[in-house]
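Just add 23 to the spot in the sequence shown (first one is 1) and you have this note's numbering. All C-beta atoms, glycine included, are put in the ideal place defined by N, C-alpha and C. Note that this is a predicted model, so its numbers are computed, not measured. Below is one structure, written out as structure tokens; comments come after it.
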Amino acid sequence: MKKGVIKGLSSFLALVMILSSIFTIGMPWIVEAENNNQNLLQNGDFEEWDNGLPVAWFGSKSNIVESKVNKIDTGAKSGNYAVQLAEGGSEHKRFTTQPISIKADVEYRLTYWAKGKGEIRNAFYRDGNYSSYSAYTVLDTDEWQEINYIFTYDKDVDDVEIIFSVRNADEEKGYIQIDDVVLVSDEEPSEPIPVTDIAINGATEVTVGRTTKLDVDYTPANTTEKGVTWSSSDEDVATVDGNGIVKGIAEGKTTITATSKYNSELTATHEIEVKPVVVQTIAEAREFNKGQYVTVQGIVTFKDSNNNYFIQDETAAIDIYKYGQDLGFEIGDEVQVTGKLGDYEGLIQITPDSEEDYSILS
């Protein structure tokens, strides 16, 4: 996270900052070197995805359509990915974090980067209610722009969802994209609470080529010693990364092990079965819910100047679109595509996540 200096705050403004949330643009924060300046949000860099959504995001107060939350694999602020919020309507839609806990009368500072064309603002849900919203920031840029937001609350609560409210996004500039979201507080460090046990929870199946996220339950739940290393007993069947993201490699079974970073004698195991890819007919795929993943095969019958590819099998046709990216398909190619089902102005389309999700069969 960048560090800087907050200048020119009057005593009146400082009082307002304590009592309510403030939204500022392009004003980097200085954070004192203390134990609690770590990011309080999981996956703020959007590097972890599961079933087409960023891990630890899309909380219960999100009302943007899942198919409009997309993984962008080019031009991220840092790392490999950013999130795109493809909401072009004039009515605002919310994209939120999963619930987090905050403490009474502690100042929380949210910093993130955004680009594209549209309007974005922030708020937070807590204690069964929504806070007031900040003013909209109007974006119209291909360059990443830093945005900051400060808030406090007068109670300890554990149902907080940070809200990103968007509207009027423009497809020509990639809608609105967000990356490197960081939340810090000015809370004083607390005494360490040792971990005594861990357990893994999550799916027991994954498809070849797809991923699933495993999580760890800690005992006690409020331990300050959270963190594990991950391993797979058979990486030819499935791999697991440092964040618990399991990727299916080949059919079979493997055991995933989590080991506490603070006590190597604390381990937990979880069996994963990797299943083969199931190819749907295009007619079947069109009946899936928006935001679900489908795999289809078909012949390319049309390609337009925006790199929309229309493919057809014996049952139906569908559009393949990856934000204007040239997939290398030509008319007459037989292709296989895996991606998230969505629609654009009534046109049903499949959006692949990466190059691994599409191939030319013949």
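DSSP state of residue i mapped onto helix, strand, coil
i	result
residue 163	strand
residue 202	strand
residue 214	coil
residue 68	coil
residue 169	strand
residue 238	strand
residue 248	coil
residue 380	helix
residue 366	strand
residue 228	strand
residue 385	coil
residue 372	strand
residue 46	Annotation note: pLDDT 41 at residue 46 (below 50); position unreliable, coordinate value reported separately. Strand.
Proximity to residue i [Cα-Cα], best of the options
i	options	result
residue 258	209, 288, 297	297
residue 275	300, 287, 268, 102	300
residue 341	349, 358, 83	358
residue 311	373, 208, 140, 368	373
residue 5	291, 352, 79	The requested residue 5 does not occur in the structure, where the chain is confined to residues 24 to 385.
residue 345	368, 380, 303	380
residue 208	352, 63, 215, 363	63
residue 350	365, 308, 375, 206	375
residue 248	161, 285, 237, 74	285
residue 337	348, 370, 306	306
residue 112	120, 125, 91	91
residue 335	328, 347, 269, 360	360
residue 193	141, 343, 385	141
residue 205	72, 172, 164	172
residue 294	347, 229, 332	229
residue 221	325, 253, 211, 73	253
residue 195	147, 250, 109, 231	109
residue 366	339, 319, 352, 309	309
residue 149	179, 233, 72, 343	179
residue 73	303, 223, 302, 238	238
residue 86	151, 186, 224, 154	186
Bounding residues of the beta strand (DSSP E) (the contiguous stretch that carries residue i)
i	result
residue 190	180 to 190
residue 224	220 to 224
residue 316	316 to 326
residue 263	261 to 263
Same chain, Cβ closer than 7 Å to residue i, five either side skipped, listed in chain order
i	result
residue 377	96
residue 99	105, 202
residue 122	82, 181, 182, 183, 184
residue 103	70, 96
residue 255	261, 262, 263, 277, 279
residue 114	190
residue 226	235
Own chain residues within Cβ distance below 6 Å of residue i, not counting five before or after
i	result
residue 219	242
residue 89	314
residue 1	Only positions 24 to 385 of the chain appear in the structure, and residue 1 is not among them; the question remains open.
residue 130	175, 209
residue 11	The structure shown does not extend to residue 11, since the chain is modelled only from 24 through 385, so no value can be given for it.
residue 107	93, 95, 198, 200
residue 139	162, 196, 197, 198, 199, 200
residue 65	79
residue 119	82, 84, 85, 184, 186
Chain-order list of residues whose beta-carbon lies under 8 Å from that of residue i (same chain, five-residue window excluded)
i	result
residue 177	127, 128
residue 355	322, 323
residue 347	329, 330
residue 216	243, 245, 246, 247, 248
residue 385	356, 357
residue 67	135, 203, 204, 205, 206
residue 303	311, 317, 318, 319
residue 326	332, 333, 352, 353, 354
residue 231	271, 272, 273, 274, 297, 298, 299, 300
Any non-hydrogen atom of the ligand GDP closer than 6 Å to residue i Cβ
i	result
residue 72	Looking at this structure, you won't find the ligand GDP or any other ligand, since it has none at all.
7 Å Cβ cutoff, residue i in contact with chain D
i	result
residue 268	The chain inventory of the structure shown lacks chain D, comprising one protein chain alone.
| said: Just to confirm the assignment: which complete beta strand (DSSP E) runs, minimum length 3, are found wholly within the region 266 to 312? | reply: 268 to 271, 275 to 283, 290 to 298
| message | Going residue by residue through the region 78 to 146, where are the continuous beta strand (DSSP E) segments of at least 3 residues, counting only ones entirely within it? | response | 92 to 95, 105 to 108, 116 to 119, 123 to 125
| query | Where are the beta strand (DSSP E) runs, 3 residues long or more, that stay fully inside the region 332 to 357, in chain order? | reply | 332 to 335, 340 to 343
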